[in-house]
Amino acid sequence: MAEKGMKPYVKLASSLVLVGMGLFTLERYGLSEMSGNGASRIHLDPNLMSALVLAPLLVVAAGVVVFMWGKMRRL
109 MAEKGMKPYV KLASSLVLVG MGLFTLERYG LSEMSGNGAS RIHLDPNLMS
159 ALVLAPLLVV AAGVVVFMWG KMRRL
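Numbering (the numbering used here) for the sequence shown: 109 to 183.
Pasting the structure below:
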């Protein structure tokens, strides 16, 4: 009998989604700290800001794609 547990593609997909959500949380925290009141305002390059916003979304999207691809291969 096959051992019971999560399939490898589900593990990879859930890991990618969790990492993406963690990056999103850190990004939101960092941006809120930078825009807060105080003398230590940091101005970031717009390209870096775009990367900070897009990176978590791309990692979550990669998790979704891995899950869908693995699910289709199992059919």
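Ideal placement from N, C-alpha and C gives every residue a C-beta, glycine not left out.
Task: Candidates Gly-138, Arg-181, Leu-126: closest to His-151 by CA position - done: Gly-138
Open item on the list: Taking the alpha-carbon of Val-168 as reference, which of Ser-140, Gly-178, Leu-131, Arg-136 has the nearest alpha-carbon?
Closed with: Leu-131
Task: Through-space distance from Thr-133 to Met-142, alpha-carbon basis - done: 14 Å
Task: Close-in-space but distant-in-sequence residues of the same chain around Leu-120 (CB under 7 Å, 5 per side omitted) - done: Val-174
- [ ] Less than 8 Å between the CB atoms is what I'm expecting for Gly-128 and Gly-178, so what's the real figure, rounded?
- [x] Rounded, the Cβ-Cβ distance is 17 Å, inconsistent with contact.
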